[in-house]
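Last residue of the sequence shown: number 90 in my numbering, and the count goes up by one each step with no gaps.
Here a beta-carbon is modelled for each residue, glycine too, at the ideal position from N, C-alpha and C.
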Amino acid sequence: MKVIKRFIAGAVCPRCGEMDCIRTFRDEEREYKECVRCDYEDSMRLDGEPDQQMEELETRVNQDKKPEIEPDAQPLLFTSNPGAKRKDH
Ligand SMILES: [Zn+2]
């Protein structure tokens with residue numbers, strides 16, 4: 002299968018900032034973009050589905066964003082089972 006790479010007119014490389022150096026090509030699954038002047042490379046799925054790798058990365062980032070506990074917040078004390086302490090002895 003012959004891969005046809007086409008330059009994108011007016012496209013600016015987000016890494017090196019050069020214009021008209023981005024070219025694009027695709028295979029069965031993905032569309033790629035690459036810069037001929039630096040190492041910039043990007044790809045996206047043709048069906049619009051989020052990249053599996055990207056999805057995992059975003060999930061991990063979201064997990065890091067836990068709500069911060071205010072320093073002066075009081076912990077909630079649950080005393081619904083006061084007899085539990087007596088059973089331990
Ligand atoms: Zn570049």
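Inset, instruction - Report yes if the C-beta of residue 33 is less than 7 Å from at least one heavy atom of ligand 1; otherwise report no. - result: no
Inset, instruction - Check whether the Cβ of residue 16 lies closer than 7 Å to any heavy atom of ligand 1, and answer yes or no. - result: yes
Inset, instruction - Go through its chain and collect everything with a Cβ distance to residue 36's Cβ below 6 Å, but skip five positions before and after it. - result: Only 14, 22 and 23 meet the Cβ criterion.
Legend entry - Cutoff 6 Å; reference residue 19; Cβ partners in own chain excluding five residues on either side: 38, listed in sequence order.
Legend entry - Beta-carbon spacing of residue 31, residue 7 below 8 Å: Contact flag unset, no.
Legend entry - residue 33 beta carbon less than 8 Å from that of residue 17: no
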